[in-house]
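If you're matching them up, the sequences are chains A and B in order.
My numbering numbers the first residue of the first sequence as 3 and each following residue consecutively.
My numbering numbers the first residue of the second sequence as 37 and each following residue consecutively.
Note that CB positions come from ideal geometry on N, CA and C, so glycine has one too.
Computed from a predicted model, the values in this text were never measured in an experiment.
The structure appears below as structure tokens.
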Amino acid sequence: MAKKPAVQTALHKVIMVGSGGVGKSALTLQFMYDEFVENYEPTKADSYRKKVLLDGEDVQIDILDTAGQEDYAAIRDNYFRSGEGFLCIFSITEDESFQATQEFREQILRVKNDENIPFLLVGNKSDLQDKRKVTFQEASDRANKWGVPYVETSAKTREHVDKVFYDLMREIRARKMEENKTNNGRGKDKNKKKKLKCVIL
Amino acid sequence: MAPAPVVNGISPNEGFPGTRVIIRGENFGKKPTDLFGLTICGVNCLLSAEWVSENKIITLSGAINGKGDVIVTTRLGGQGTSDVQFNGLQLTTVGPMKESAIWVEETPIYTWERPSNCGGTQDPLGLLVEDNDPTISKREFEEYFPGKCGEFSSENFSPSWFLLENYQLTSFEDLKAGLQFLQRRVKDQKNERLSFLKNNVSPIIDQIDTLVNLQQAYEHDKFIEPILNLEKAIKDSEDKTVELFNNVLIGWGKAEESRNALNTLSRFKFLFYLPAQIEKNIKKGQYEIIINDYIRVKNLFGKTNISIFKMALKEIENCIKKLQNKLYLDLQNYPIHLGKQKQIIRYLVLLDSPQDSAWIAIKSRFVYVNNEITTLFDQYYNLSYEDNIATLSFIEDVCAHLLGTFPDLWNMGQSYFNGELNVKHKEEQVSEFKQMIRSIIENFCNSVSTILINQEHGISNIKSPDGNIVTYVPDILQNIRSIYMLFIRLNLPKECIDLLLNLLTNLKIHCIKVLFKYTVEHIKEIPETWDIKFSETYSGITDFPLQFCKLVQEISETIRISIFSEQGENSVIQNQTAIDSFNEEFETMLRTSETVLTEFLVDEDEENQEHPHKPSIQKRCLLTLSNCMYIKNNVLTTLEKDLNYGFPVPQEAISNSRFGLLELEQGIINKYIELKSAPIITIIEESLYFETLNWDTTIKVTDIRPYIVNCINNFVQIHAEVNTVSKDLLKTVLPKIAEVVSMELCKIISSIEKLNNFGALQTYTDICFLRKFLSGFPHSKAEFHLEEALDNIISHLNEPITIDIENILKKCQNRMRLQFTCISNN
Ligand SMILES: Nc1nc2c(ncn2[C@@H]2O[C@H](COP(=O)(O)OP(=O)(O)OP(=O)(O)O)[C@@H](O)[C@H]2O)c(=O)[nH]1
Ligand SMILES: [Mg+2]
């Protein structure tokens, strides 16, 4: 069981969030299995894992596809806690789903308590241009405001599907490296901090 | 060997037993039969597994608890691995009312048993046909296959209908594979039945043995009258049952009895212990508990006929009597807080006291309030009246007492009559209570007026160390007024308030008198230094009028503030007696000035002079005259116009005073004239009477005689004297003196019987000169008298006047020009 490889492959935990029916599952399945599911089946919570080559490095991506339906909103907090990066999906054909991203963002920031958590705003169903309700401009404005990238995807045509996952993984990786550095550098400080706290207490 | 299967996707990743789970991954085999095993968290799920494709299996989760891998085993790839995990949730019943942190599947939970092979599954051939929209309608089917049906479970099942309905588009090859699948499953089921028997051989044999035994017993019974046996058994069991039941009944009865006994005992315990308990609680002051117990004991034993209980009750009643007596004592132990008193009343009512405790409380409170007033009064009345402060403190004490105790009495009465104390009152008590209130107020009013409104001892006698009564009057009035305010606040009946108002009014009238009396005394005591002061309007007054004015203004202000300021309470302004009294006293005060001024003029013995620098009577006359005029013209006008009295201006008093002063003024002027003219007249008399006797000789008239010069010098001296005091007096005094002197001169001349020529001429010249001099005092009647005298002299002449009189007069005037300038200077 405890067969540890010499260099453990990195594992990046990605969480798909967004309103119901915007295509979270569709994007995930397209990414995982190159398959597009036409019929809509609301998700509860699905787990996927895949080995990918990220900039020449073998890594594992763990995808948690969450429920968009409001019925499941109560359990979101628990899921979000384990995520290292978030794809916040809305459908460009549905303004309501775009408005909901604000709420998801807030919930994530609240749970993670981290302004710089790796995060991508994703406008899905870009193949349905004629039914577009959310302009590119207003979506990227919001992304700018949050300081996150904005990408438009289509789970149907596979446009930018890989991009969003890879971009997010890169951000997660960068974040981890940065954290490692600071953690190592600050090892002593941390101890000091603890001591200080004790004194105060 | 084919690659090992890998599971890398699971949807959903957690669930209750029976959840439909989609498993995704790789190398799941090429066909359904390649799937050899499927476990989720070690629980076998193969039975419900549905191989969909190389990458997808659908299954139902089993009785899984906790997290675990999903392992797929294939024919060629063997046991695989899992990258994802499934979390099996424990089944908990969640009612509609129970909160749940997890999402609960609302569809009926899958009953965990083998799925039925027919009917239940939509796809018995194991061919996943995704798109099977029926192209043939139900009606058409019924036409093709009359009386048949496409349902597995139906007796009229038609395979053709079924195939057409479900696998219309499926290829023949696939259908064949489906047949195989079906056959395999049927075979599996048969095998299963056989193995079931194999596995359970021994219980089955046991069951067979038991059946054999049963049969044998039955055969045996058949021979020995089974009915009899049965009847006996039934009888036996019936007896047994009755016996058991009776036992139970007896036991229950006994238990009931002992419980009753215990109950009664504890009740008696309460009854017999109660007296001791009451004593204890009386000591602790826990009357509420006693009352509770008492009410309880009365309810329980009040109507008892058992003598021992009666005795106990009697004892308790005695205790309660004792308590009542103690409470009655407490009730009337003053001073006592109203709330406490009410509480005691409540206790007594609850304790069924036969007496009307509330009324007793009211009466005793009345006695307490009233007696205290009397006590205070006696205490002060018997004190020596030289102790003036005592009078003041009597007022303060008695008012404080009333303020502190009266509201409680009144409130107690109100509570009593409102029924707040839970006691019914009698009608006559209302008037009795009113009488109490009335007598307290009367007592108070009488005491206060006896002490205060008393000519000998009252307020007028109050003297503080600095002797200023004025400061006390407002205090005293304020104290009485506070009582009045209290009555208003308590909403006392008008008759009661009127009593107090009456007192207040009398007191005010008395205070007016006292204050004026006090001021009069002060005016009398104003010291006269005779220092001449000069004011803007009047030159030459002393300090007296100024002091006088100040005192009058002060007292007016005090009276305004302490007596006339309260407009609301039966204002004194509307009381004619008060106004009359005020006016009268005011006049008395003003006219004191006349008395004092007159006294200044009294000539005491030379040796007895109190004032070492007391000026001569003449000077005092002049100063007093000046003062008199100043008071009349200035002070009175100020009082008339400038003072804010807060009441009608005492016009009459002022004009009376003015008149009095005018009279005094006249008197003083006359006195002064008399004083001053007498010496001059003497000079003239002596000169004329005695010198004229020798006037037989004839000498030529060349000059005036010395007595005239003497006269003139006297006038100049008077002028100077008056002028030092006040120039204003010159006009008043000097012409009058000139007039008196002239008149006397005229009389003297007319009384001379005989004059020779020379004498007549000389006298004529003299008088002419005097006339010339006195003409310096205008508006005098001196001229008239001198004219008469001259006429008289001329009648004595027997030849015409030949000498140049004018020339002589001019010469003399020239010589005496100093004197002339003196008087013409004003
Ligand atoms: N045309 C088009 N349809 C899409 C696209 N992505 C998803 N869909 C369709 O949108 C519907 C919903 O997709 P899902 O992926 O199940 O939606 P979801 O976000 O997972 O919804 P939840 O399960 O409630 O979270 C499906 O019918 C998809 O076929 C897309 O990019 N283009
Ligand atoms: Mg979904």
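Taking CB atoms only, Ser84 of chain B has no neighbour in chain A less than 8 Å away. Counting along the chain, no beta strand (DSSP E) covers Arg596 of chain B, and no H or E run does either. Ranked by Cα distance from Leu359 of chain B, the first of B:Lys376, B:Lys339 and B:Gly321 is B:Gly321. The count of Cβ pairs closer than 8 Å, one atom from the stretch 126 to 142 of chain A and one from the stretch 38 to 46 of chain A, stays below three, leaving the stretches out of contact. As the crow flies, the alpha-carbon of Gln612 of chain B is around 14 Å from that of His546 of chain B. With the criterion set as a beta carbon lying under 8 Å from some beta carbon of chain B, the members of the stretch 41 to 52 of chain A are Thr45, Lys46, Ala47, Asp48, Ser49, Tyr50, Arg51 and Lys52, in sequence order.
If the five residues before and after Ile709 of chain B are omitted, its C-beta is found closer than 8 Å to the C-beta atoms of Val769, Lys772, Ile773 and Val776, all from its own chain and listed in chain order.
Nearest CB-CB separation between Tyr35 of chain A and chain B: below the 8 Å threshold.
For Val120 of chain B, the neighbours in chain A by C-beta distance under 7 Å run, in chain order, Ser49, Tyr50 and Arg51.
Going by C-alpha positions, Ser231 of chain B is about 34 Å away from Arg60 of chain B.
Straight across, the Cα-Cα distance linking Ile489 of chain B with Ile512 of chain B is about 12 Å. Counting only Cβ-Cβ distances below 8 Å, Asn44 of chain B has contacts in chain A at Met34, Tyr50, Arg51 and Lys52, in chain order. Around Val150 of chain A, the same chain offers Phe121, Leu122 and Leu123 as residues with beta carbons nearer than 7 Å, after the five sequence neighbours per side are excluded. The residues Tyr452, Val459, His461 and Gln465, in chain order, have a CB closer than 8 Å to that of Trp395 of chain B in the same chain once the five nearest residues on each side in sequence are set aside.
The stretch 849 to 858 of chain B makes contact with the stretch 738 to 751 of chain B; the number of CB pairs closer than 8 Å reaches 3 or more. Under the criterion of beta carbons closer than 8 Å, Ala157 of chain A and Val166 of chain A do not qualify as touching, at roughly 11 Å. A straight line joining the alpha-carbon of Ser343 of chain B with that of Val284 of chain B spans about 38 Å. Around the CB of Pro563 of chain B, fewer than 16 other CB atoms lie within 10 Å, so the residue is classed as exposed. In the DSSP secondary-structure assignment, Ser49 of chain A is bridged to A:Leu66 and B:Ile46.
Collapsing the DSSP output to three states places Asn354 of chain B in a helix. For Val153 of chain A, the uninterrupted beta strand (DSSP E) segment begins and ends at Tyr152 to Glu154. Straight across, the Cα-Cα distance linking Phe88 of chain A with Lys135 of chain A is about 23 Å.
For the set B:Leu697, B:Leu672, B:Pro686 and B:Leu637, the Cα lying nearest the Cα of Cys664 of chain B is the one of B:Leu697. In the DSSP annotation of this structure, the continuous segment of the beta strand (DSSP E) that includes Glu62 of chain B starts and ends at Arg56 to Glu62.
Using a cutoff of 7 Å, the CB of Lys127 of chain A counts as near ligand 1, since one of the ligand's heavy atoms is closer than that. With a threshold of 7 Å, the Cβ atom of Thr45 of chain A counts as near ligand 2, since some heavy atom of the ligand is closer than that. Taken in chain order, the whole beta strand (DSSP E) runs of length 3 or more contained in the stretch 440 to 488 of chain B number zero. The alpha carbon of Phe580 of chain B has as its nearest neighbour, out of B:Ile591, B:Val79, B:Phe64 and B:Asp567, the alpha carbon of B:Asp567.
The beta-carbon separation of Val509 of chain B and Leu551 of chain B, rounded to 6 Å, stays under the 8 Å limit for a contact. Looking only at B:Gln313, B:Leu661, B:Leu766 and B:Ile785, the smallest Cα-Cα distance to Pro814 of chain B is reached by B:Leu766. Phe198 of chain B has its alpha-carbon roughly 11 Å from the corresponding atom of Ser190 of chain B.
Three or more Cβ pairs closer than 8 Å define a contact, and the stretch 76 to 83 of chain A meets that threshold against the stretch 104 to 111 of chain A. The closest CA to that of Ile704 of chain B, considering only B:Pro715, B:Ile653 and B:Leu205, is found on B:Ile653. Straight through space, the alpha carbons of Leu587 of chain B and Thr565 of chain B are spaced by roughly 18 Å. Under the three-state reduction of DSSP output, Met18 of chain A falls in the strand class. By the C-beta density criterion, Lys560 of chain B is exposed, having fewer than 16 other C-beta atoms within 10 angstroms.
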